[in-house]
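The listed protein sequences correspond, in order, to chains A and Z. Position one of the first sequence corresponds to residue 10 (this note's numbering), numbered consecutively onward. Position one of the second sequence corresponds to residue 8 (this note's numbering), numbered consecutively onward. Idealized CB from N, CA, C, for every residue including glycine. Keep in mind it's a predicted model, so treat the numbers as computed, not measured. Working notes for the structure below.
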Amino acid sequence: MNLTLKVWRQDGPNDKGRIETHEARDIPEEASFLEMLDIVNEGIITGGGAPIAFDHDCREGICGTCSLTINGVPHGPDRGVTACQLHMRRFRDGDTIWIEPFRAHAFPVLKDLVVDRSAFDRIIAAGGYVSVRTGAAPDAHAIPVEKENADAAFDAATCIGCGACVAACKNASAMLFVSAKASHLNHLPQGEPEKHRRVLGMVRQMDEEGFGNCTNQYECEAACPKSISVDNIALLNRNYAAATAHEAAVAP
Amino acid sequence: MSLVLDSKVPPGPLDQKWSQHKINSALINPANKRKFTILVVGSGLAGGAAAATLSELGYKVKCFCYQDSPRRAHSIAAQGGINAAKNYQNDGDSVFRLFYDTIKGGDFRSREANVYRLAEVSANIIDQCVAQGVPFAREYGGLLDNRSFGGAQVKRTFYARGQTGQQLLLGCYQALEKEIRRGGVEMFPQTEMLDLVVADGHAKGIITRDLRTGQIDAHVADAVILATGGYGNAFYLSTNAMGCNVMAAYRAHRRGALFANPCYTQIHPTCIPVSGDYQSKLTLMSESLRNDGRIWVPREKATAEKLRQGAIEPREIAEEDRDYYLERKYPSFGNLSPRDIASRSAKEVCDEGRGVAPTGKGVFLDFRDAIERDGAEAIKARYGNLFQMYEKIHGDDPYATPMQIYPAVHYTMGGLWVDYDLMSNIPGLHVLGEANFSDHGANRLGASALMQGLADGYFVIPATIANYLATQTPGSVTASHPEFKRCKEQVRDRIATILQVRGRRSVDSFHRELGTTLWDHCGMERNREGLQKALKEIPRIRDEFWENVAVPGNASELNQELEKAGRVADFLEFGELLCHDALHREESCGGHFRTEYQFTADDEEVRDGRTQPGEAKRDDTHFTYVAAWEFTDVGKRPTLHKEPLHFEEVTPSIRSYK
Ligand SMILES: Cc1cc2nc3c(=O)[nH]c(=O)nc-3n(C[C@H](O)[C@H](O)[C@H](O)COP(=O)(O)OP(=O)(O)OC[C@H]3O[C@@H](n4cnc5c(N)ncnc54)[C@H](O)[C@@H]3O)c2cc1C
Ligand code: FES
C-alpha cells in the first residue's frame with residue numbers, strides 16, 4: 010500500500026518544529042506501524058537525508074517506550090494497544106496519516122517524535138514503592154492476599170508508564186498514571202503501612218512536574234494501551250483526602 | 008599461553024559452600040562502604056537489583072542504561088515466569104531437584120557450585136518480590152499459584168499473568184527509584200557505555216555517551232559491574248528488544264575480559280513465524296502456552312502443501328492425519344520438552360516439507376483440546392493477553408484456529424567469564440545476569456533467567472563484591488589517570504570514523520546481512536563447512552560496513568543511526584567469535600547442535616534404547632570444559648583458555664526426555 014505521512018520534525022529541544030510530508034511506498038499490510046517507519050527511514054537514509062527519530066524498544070507493547078500520536082490519538086486508532094502493536098492492515102491504501110509526538114508541557118520534545126518522560130520516574134521516586142530492604146522479607150506465604158485484592162492490584166500494576174494518558178488529556182494531567190501506581194500498592198497488605206506517605210509524595214511531585222489537573226474527561230482511559238480504569242483516579246482522590254487528614258492530625 | 012582460570016569455588020560439601028563462603032567473605036564496615044563508588048551498567052533485573060541493594064548497603068552507586076527510564080530494560084518483556092524451589096505445591100520439589108534439573112537442562116556444561124547456589128537463593132527471591140508488592144498470581148485461599156514450565160516435572164514457576172518480567176522489574180525499579188531519591192544511587196538513563204577503562208590491571212571506570220546530547224564522559228569508580236543483557240540480536244531477528252546489544256560486554260572483552268561459550272545460543276520454539284524482509288523482530292509466544300497447547304503438523308507432506316495454499320483448514324484435518332511429534336518422540340515430557348529439543352524437532356518436520364505457515368516454516372500450537380476440556384473462559388484467564396497479542400500480529404483468532412509458531416533466537420547462555428564471586432578475569436570487573444556465562448551451561452530452562460538475574464543482583468553480588476573491595480583503597484584511581492584520557496580519545500575517534508564514511512547502505516542493511524549469515528550457518532544447526540563459510544563472510548560484511556555505511560547527522564545530538572552503528576560494528580566483530588567457538592566445539596550439546604555429532608542407529612546408546620537417532624551427541628571426554636576466549640585482534644583467531652568442569656554431585660548422562 011502507499012501512504013502519505015505528515016510527520017512532526019523538530020531538530021532539538023529548542024527548535025520550533027514543523028510538519029514534513031513523506032511518501033510511504035510499497036508498504037506490506039503485514040508490517041507493523043513502526044516497521045512502516047523503518048521502511049520510510051531506510052529510503053531517507055539511502056537518499057542522504059535525516060531519518061525520522063522515534064522512540065521504541067521492545068516492539069511488543071510492554072516496555073512503554075514507543076510514544077506516537079497517530080491521527081491525533083496517542084498510540085493510534087486501536088483500543089488497548091501501543092503504537093508498536095498497530096499493524097498496517099488497519100489502514101487503507103492512499104491514506105494520509107498524521108504522526109506527532111506525545112505532547113505535554115511536562116514531556117518536552119527532544120527531537121522529532123522523541124520526548125522526555127523523566128518526570129514519571131521522579132513521581133515513582135517520590136513514593137511509588139514499598140520500603141523493604143533486600144533480604145529482610147518474610148516468607149512469601151506469611152501474608153495471604155485476598156484474590157480480589159490481588160487481582161485489583163494487578164490490573165493497576167499493568168501500567169507500562171508510556172504517558173499516553175497525559176498526551177490524551179487536554180489538561181495534560183498525570184492522574185491515571187499516578188493513581189495506577191497508588192492503587193497497585195495500596196491494594197496490597199505489603200503497601201498498607203506507607204499508604205499515606207506514598208499518595209502525598211506522588212501527588213505533590215506530580216504537581217511540581219507541571220502536569221495539569223484532572224477534570225474528569227476520561228480521555229486517558231480511552232487512550233491507555235493497557236485499558237487502566239479511571240476508577241483508580243476516584244480511589245486516589247479518596248486516598249489523598251484521607252492522607253491529608255492524617256497528615257494534619259499527626260502534625261506537631 | 009593459556010591463562011589459569013580459577014573459578015574460586017569454595018571447598019566443602021555442595022550444600023554448604025554458599026553459606027560457608029558468606030561467612031568467610033570479607034566485610035566492609037558501614038563507614039567505609041560510603042567511600043566506595045560502584046558503577047552498575049544496566050538497569051534490568053540483574054543491574055537494577057544490584058544497584059538498589061548495594062545502595063541500601065551503603066555503597067555509592069552510579070547506574071546506567073540506554074533506555075529513557077530504567078523501567079524499560081529488556082527484562083520487562085519476560086512473559087512466562089520465574090522458578091523457585093519453594094515446594095509450595097508439595098509435589099516433591101527441593102533445592103536439589105531444581106539444581107539437578109538446571110544442570111541436566113544445561114546438558115552438563117555448567118559449574119555445579121554456581122547452579123546449586125542459584126537454586127538455594129531462589130526461594131528468597133520470591134519472598135523479596137512479594138514484599139515489594141509484586142502481584143504474582145494467587146489462588147482463592149490467598150496463597151501463591153504455580154505452573155509447570157518446559158524441562159521440569161514439578162510446578163515451581165511463579166507468574167504474573169503473561170507479564171512476569173514487567174512485574175518483577177517494576178518491583179526492582181521501584182526499589183531503585185527509592186534509592187535514587189535517598190541519594191544512594193545516581194541514575195544515568197539514555198547513557199551508553201562505549202568502553203571499559205582498565206587502569207593498572209583493574210577495572211576502574213567506563214566511558215559513556217549521553218544519547219540526548221552526544222556528550223562523552225569518563226566515570227571513575229572502585230569497581231565496575233556489567234549487567235547489560237544478552238547478545239541475541241547478533242542474529243538481527245530475535246525475540247529481544249531492538250536495542251539489545253553486545254557492546255558493553257564486547258568492549259570489556261577487547262580490554263582483556265574472557266568471553267565464555269559464545270556459541271551457546273538458545274532458540275525458542277514458540278515464536279510467531281517470519282512473514283517478510285521488512286520484519287524487525289520476532290515475537291515470542293510464552294512457553295507457558297505449551298502447558299495446554301498441543302504441537303503438531305500434518306502426517307503427510309501433501310496435506311501440509313494443501314494447508315499452505317489455503318485449500319484446506321487445519322480443523323478439517325482428522326486426528327489420525329496429525330502428527331503430534333513431540334508427544335510421539337518424547338512421551339514423558341511431550342509438549343514440555345526442553346527448548347533446544349522442541350526447536351530442533353520443529354525444524355526437522357519443516358525440513359521434511361510438513362511445515363504449515365505460508366513460508367513452510369511453521370508448526371501448529373493447538374488449543375482445541377484444552378478449550379474442550381477446560382472451557383474457553385479458563386483458557387482466556389490463563390493466556391488471554393497472549394492470544395490477543397497473537398491475533399494482533401498474525402491476524403488469526405487462536406480460539407478458533409491453531410496458532411502458527413516457529414523457533415527464533417531468544418537467549419544467550421554464553422557471556423563474559425566469571426568466577427564464583429561473579430568477577431571476570433579483570434580484577435574489579437563483575438558481570439551479572441544474561442551478560443555472564445555462569446549458570447545455564449549449554450541450554451537454559453524456561454523461567455530460569457529471571458531467577459538468575461535477581462539472584463545475582465539481590466543476593467550474590469552484594470555479598471561477594473566485598474571480597475574485591477576489601478583489597479582496594481577507595482578512590483585509589485582518579486580521572487587524571489592517563490588511561491581515562493586515552494580511552495576517551497579512542498571512543499571519540501571511533502565515532503568520528505563511523506561518521507566520516509558517509510556511504511550508501513543503512514546500518515540496518517548490514518545488521519540484517521550479518522544476522523542472515525549467522526542464522527544460516529550458526530543457528531539451530533551448525534557444521535564445519537557452514538561455519539568456515541561464515542568466518543569468510545563476516546569479515547567481508549565488516550569491511551564493507553567500514554567503507555559504505557551511511558550514518559547521517561553528527562555526534563553532538565540525539566542520533567539513533569549513530570547509536571545503532573556502534574552496536575552493529577561490535578556485532579560484526581563478535582559474530583566471528585561466535586563462529587570460532589561453534590567451530591571448535593566438536594560435539595553437540597544443548598543449544599549447540601553440530602550436524603556431524605549426532606546419534607545414529609549404529610550407536611550402542613541407540614541400540615540399547617537410551618536415546619534415538621538424530622539426538623545431540625556430547626563428547627564428555629574432550630569437551631567437559633568452559634571455553635573462554637581471549638581477544639587478540641580484529642579478524643584474528645582469539646586464544647582459547649579452558650576451565651575444566653568437575654562433577655562431584657551429579658554424573659553426566661545422556662540427556663533423555665523420552
Ligand atoms: C520476550 C522474552 C521473554 C522472556 N521470558 C522469560 C521468562 O518468562 N522467564 C525467564 O526466566 N526469562 C525470560 N526471558 C529471558 C530474560 O528476560 C532475560 O534473560 C533477563 O531479563 C535479562 O536480564 P538482565 O538484567 O541480564 O538484562 P536486561 O534486562 O536485558 O538489561 C540490560 C540493561 O543493560 C543496559 N545496557 C545494555 N548495554 C548498555 C550499554 N552499552 N550502556 C549502558 N547500558 C546498557 C540496558 O539499558 C538495560 O538496562 C525472556 C526474554 C525475552 C526476550
Ligand atoms: S516499543 Fe515497547 S511498548 Fe512499544
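Query raised in the report: Whose CA, out of Z:T277, Z:A473, Z:V356, lies closest to the CA of P37 of chain Z?
Result: Answer by Cα proximity: Z:A473.
Query raised in the report: If you run the structure through DSSP and keep just helix, strand and coil, what is A415 of chain Z?
Result: Per DSSP, reduced to three states, the secondary structure at A415 of chain Z is strand.
Query raised in the report: Per the contact definition of three or more C-beta pairs closer than 8 Å, is the stretch 390-397 of chain Z in contact with the stretch 251-271 of chain Z?
Result: Segments in contact, no.
Query raised in the report: For ligand 1, is there a heavy atom less than 6 Å away from the beta-carbon of N247 of chain Z?
Result: Indeed, a heavy atom of ligand 1 lies less than 6 Å from the Cβ.
Query raised in the report: the stretch 191-207 of chain A: which residues have C-beta closer than 8 Å to a C-beta of chain Z, in chain order?
Result: Taking 8 Å as the Cβ-Cβ cut-off against chain Z, the residues of the stretch 191-207 of chain A that qualify are H193, L194, L197, Q199, G200.
Query raised in the report: By Cβ distance, which residues of its chain are closer than 7 Å to K540 of chain Z, with the 5 residues on each side in sequence left out?
Result: Excluding residues within five positions, the ones whose Cβ falls inside 7 Å are H528.
Report task. Please check if any C-beta of chain A sits within less than 7 Å of the C-beta of E184 of chain Z. Result -> Interface residue, yes.
Requested in this report: Identify, in the order they occur along the chain, each residue of the same chain with its Cβ nearer than 8 Å to the Cβ of I169 of chain A, setting aside the five sequence neighbours on each side.
Outcome: Taken in chain order, the residues that qualify are G70, I71, C72, G73, T91, P234, K235.
Query - Cβ shell of W107 of chain A (< 6 Å), same chain only, five flanking positions each side left out - result: Once the five neighbours on either side are set aside, the close Cβ partners of W107 of chain A are K15, N80.
Query raised in the report: Which whole runs of the alpha helix (DSSP H) in the stretch 581-630 of chain Z are 4 residues long or more, in chain order?
Result: Those alpha helix (DSSP H) runs which fall completely within the stretch 581-630 of chain Z and span 4+ residues are 611-614, 627-630.
Requested in this report: Starting from the Cα of F581 of chain Z, find the closest Cα among Z:E650, Z:E637, Z:T44 and give me that residue.
Outcome: When only C-alpha atoms are compared, the closest one is Z:E637.
Query raised in the report: Using a beta-carbon distance cut-off of less than 9 Å, what residues from the stretch 60-76 of chain A approach chain Z?
Result: Within the stretch 60-76 of chain A, contact with chain Z at the beta-carbon level (separation under 9 Å) is assigned to P60, A62, F63, D64, H65, D66, C67, R68, E69, G70, I71, C72, G73, T74.
Requested in this report: Name the one or two DSSP bridge partners that T78 of chain A has.
Outcome: Its beta-bridge partners are A:P83, A:E109.
Query raised in the report: Is the beta carbon of R12 of chain Z sitting closer than 7 Å to the one on A234 of chain Z?
Result: Looking at the sequence shown, residue 12 of chain Z is not Arg but Leu. Here L12 of chain Z is not near A234 of chain Z, since their CB atoms are 7 Å or more apart.
Query raised in the report: How about Q139 of chain Z and G178 of chain Z: are their beta carbons less than 7 Å apart?
Result: Between Q139 of chain Z and G178 of chain Z, the gap from beta carbon to beta carbon is short of 7 Å.
Query raised in the report: Which partner residues of C70 of chain Z appear in the DSSP bridge assignment?
Result: DSSP lists Z:V47, Z:M194 as partners of C70 of chain Z.
Query raised in the report: Sorry if obvious, but does the Cβ on G70 of chain A come closer than 6 Å to a heavy atom of ligand 3?
Result: Here the bound small molecules are ligand 1 and ligand 2; ligand 3 is not part of this structure.
Query raised in the report: Short check: CB of I214 of chain Z to CB of A225 of chain Z, under 7 Å?
Result: Yes, Cβ-Cβ distance for I214 of chain Z and A225 of chain Z is below 7 Å.
Query raised in the report: By the criterion of Cβ-Cβ separation under 8 Å, what are the contact partners of G137 of chain A in chain Z?
Result: The answer, in chain order, is Q181, E184.
Requested in this report: Check each candidate in Z:E544, Z:A503, Z:A182 and name the one with the smallest Cα separation from T523 of chain Z.
Outcome: Nearest C-alpha to T523 of chain Z: Z:E544.
Query - For G212 of chain Z, three-class secondary structure by DSSP - result: Of the three classes helix, strand and coil, the one that applies to G212 of chain Z here is strand, per DSSP.
Query - Distance cut-off 6 Å: H96 of chain A Cβ against heavy atoms of ligand 2 - result: No, the Cβ of H96 of chain A stays beyond 6 Å of every heavy atom of ligand 2.
Report task. Return helix, strand or coil for W25 of chain Z, following the three-state DSSP convention. Result -> Helix, per DSSP.
Requested in this report: Give, in chain order, every residue of the stretch 100-129 of chain A whose Cβ lies closer than 8 Å to some Cβ of chain Z.
Outcome: Under the 8 Å Cβ criterion, the stretch 100-129 of chain A contributes L119, K120, V123, D125, R126, S127, F129.
Query raised in the report: Closest by CA to I242 of chain A, which one among A:G136, A:F186, A:L209, A:V154?
Result: It is A:F186 whose Cα lies nearest to the Cα of I242 of chain A.
Query raised in the report: What's the C-alpha gap between A165 of chain A and E127 of chain Z?
Result: Rounded to whole angstroms, A165 of chain A to E127 of chain Z spans 32 Å at the Cα level.
Query raised in the report: When the cut-off is 7 Å and only beta carbons count, does V137 of chain Z lie next to chain A?
Result: So yes, V137 of chain Z belongs to the interface.
Report task. Rounded to whole angstroms, what's the CA-CA distance from D674 of chain Z to M430 of chain Z? Just pull it up for me. Result -> What is shown of chain Z runs 8 to 665, which leaves residue 674 of chain Z out entirely.
Query raised in the report: Which residues, in order along the stretch 508-521 of chain Z, keep a beta-carbon less than 9 Å from a beta-carbon of chain A?
Result: Residues of the stretch 508-521 of chain Z whose Cβ lies closer than 9 Å to any Cβ of chain A, in chain order: R509, R511, R512, S513, V514, D515, S516.
Requested in this report: Identify which residue in Z:I279, Z:T658, Z:K665 has its Cα closest to the Cα of F115 of chain Z.
Outcome: Measuring C-alpha to C-alpha distances from F115 of chain Z to each of Z:I279, Z:T658, Z:K665 identifies Z:T658 as the nearest.
Query raised in the report: Who does R671 of chain Z pair with in a DSSP beta bridge?
Result: Only positions 8 to 665 of chain Z appear in this structure, which leaves residue 671 of chain Z out of reach.
Report task. Run the proximity test for T235 of chain Z: is its beta-carbon closer than 6 Å to any non-hydrogen atom belonging to ligand 1? Result -> For T235 of chain Z, the Cβ falls inside the 6 Å cut-off from some heavy atom of ligand 1.
Query raised in the report: For S287 of chain Z and chain A, any beta-carbon pair shorter than 7 Å?
Result: Output row for S287 of chain Z: interface = yes.
Query raised in the report: A477 of chain Z and V227 of chain Z look like a contact to me (Cβ under 8 Å); what is the Cβ gap, rounded to whole Å?
Result: About 19 Å separates the two Cβ atoms, so there is no contact after all.
**Report entry** Same chain only: Cβ atoms within 6 Å of G200 of chain A, ignoring 5 sequence neighbours per side
**Finding:** The residues are V139, L194.
Query raised in the report: Can a CB atom of chain A be found closer than 7 Å to the CB of A84 of chain Z?
Result: At least one CB atom of chain A sits nearer than 7 Å to the CB of A84 of chain Z.
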